[in-house]
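Novice: Below is a structure I'd like to ask you about.
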Amino acid sequence: MSDVADSSPERPPTGAASGPAVVFDIDVPQYQVDTEPDHRGIGRVVDAELRGRFLGRTVVVRGIGAQHHPGRTVDELVEIVSRLGTDRYDPDRVGDRYDNLQNKRIDLFAFRRKVTPRMRLFEAMSWGFYHSSIAVHGEPVRLDLLLVYDAAQLREVVHQYEGREDRKRDGYVFRDPGRKPEALLGIAKLAR
């Protein structure tokens with residue numbers, strides 16, 4: 010079952026997002042985290058789908074695991090993100106890693122990429138959500154959604170995590186906080 014808002018596979022390579030974000034399924038039943046997944050093989054499948062839809066664009070991609078949103082289904086999260094432009098729907102919910110030494114506002118953490126025929130993205134996301142989640146939370150996270158944003162509508166926030174020496178470039182804020190949904194190009198559902 011698919012919640013397709015726009016069935017056209019291509020988006021214009023330049024300019025702002027044009028209308029509601031496309032919601033699409035990526036069929037990856039082999040992507041499970043009960044044992045370590047084949048990050049590279051699954052990454053090839055996911056990256057091919059992203060290239061098919063966003064080739065030529067510079068995007069910022071945020072991964073979401075439904076297990077971090079207890080009581081919400083994947084479809085409910087899609088509805089929330091489509092409406093709000095973000096998964097930060099509860100101001101009282103404490104997010105992972107939003108604290109930083111400079112106390113900078115960060116709306117989301119994500120990966121920035123220019124979508125080219127050779128782009129590689131999901132392998133790194135899958136690996137990070139598997140290994141880093143085990144290190145921080147004691148269990149891996151399976152990504153269920155990829156939120157694909159127009160990079161031109163976000164601003165990178167250089168920050169430093171508590172207890173770390175390196176400066177990170179994975180934090181972003183919306184350039185126009187009143188128009189978050191317009192920054193969202195697509196929502197990929199990683200089907201089980």
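Under our numbering, the first residue of the sequence shown carries the number 10, and numbering increases by one thereafter. Glycine residues also receive a C-beta, built at the ideal position from the N, C-alpha and C atoms. Fair warning: this is a prediction, and the values are worked out from it, not measured in the lab.
#1: Can you pull the DSSP bridge partners for I73?
#2: Could you spell out where the alpha helix (DSSP H) holding G52 opens and where it closes?
#3: Check whether the stretch 170-182 touches the stretch 31-38, taking contact to mean three or more Cβ pairs, one atom from each stretch, closer than 8 Å.
#4: In this structure, what does DSSP give as the bridge partners for F120?
#5: Can you name the start and end residues of the alpha helix (DSSP H) that A192 belongs to?
#6: Inspect the beta-carbon positions of S135 and H48 and report whether they are closer than 8 Å.
#7: So what's L86 in DSSP terms, helix, strand or just coil?
#8: When you compare the stretch 46-66 with the stretch 162-170, are there three or more beta-carbon pairs, one atom per stretch, that lie closer than 8 Å?
#9: Tell me the rounded alpha-carbon separation between D84 and L155.
#10: Which one or two residues does DSSP pair with R165 in a beta bridge?
Specialist: Quick look at the numbers:
#1: Taking the first residue of the sequence shown as 1, we reach residue 73 at position 64. L154.
#2: Within the sequence shown, residue 52 is the residue found at index 43, counting from 1. Residues 48-63.
#3: no
#4: As a first step, residue 120 is located in the sequence shown; it is residue number 111 there, counting from the start. Note: F120 sits in a beta bridge opposite V70.
#5: Residue numbering aside, residue 192 sits at position 183 when the sequence shown is read from its first letter. From DSSP, the alpha helix (DSSP H) with A192 extends over 189-192.
#6: Position 126 of the sequence shown holds residue 135. Position 39 of the sequence shown holds residue 48. Result yes, Cβ atoms of S135 and H48 sit closer than 8 Å.
#7: In the sequence shown, residue 86 corresponds to position 77, counting from 1. Helix at L86.
#8: no
#9: The sequence position of residue 84 within the sequence shown is 75, counting from 1. The sequence position of residue 155 within the sequence shown is 146, counting from 1. The alpha-carbon atoms of D84 and L155 are separated by roughly 13 Å.
#10: Your numbering for residue 165 matches position 156 in the sequence shown. The amino acid at residue 165 is misidentified as Arg; the sequence shows Glu. Partner(s): Y181.
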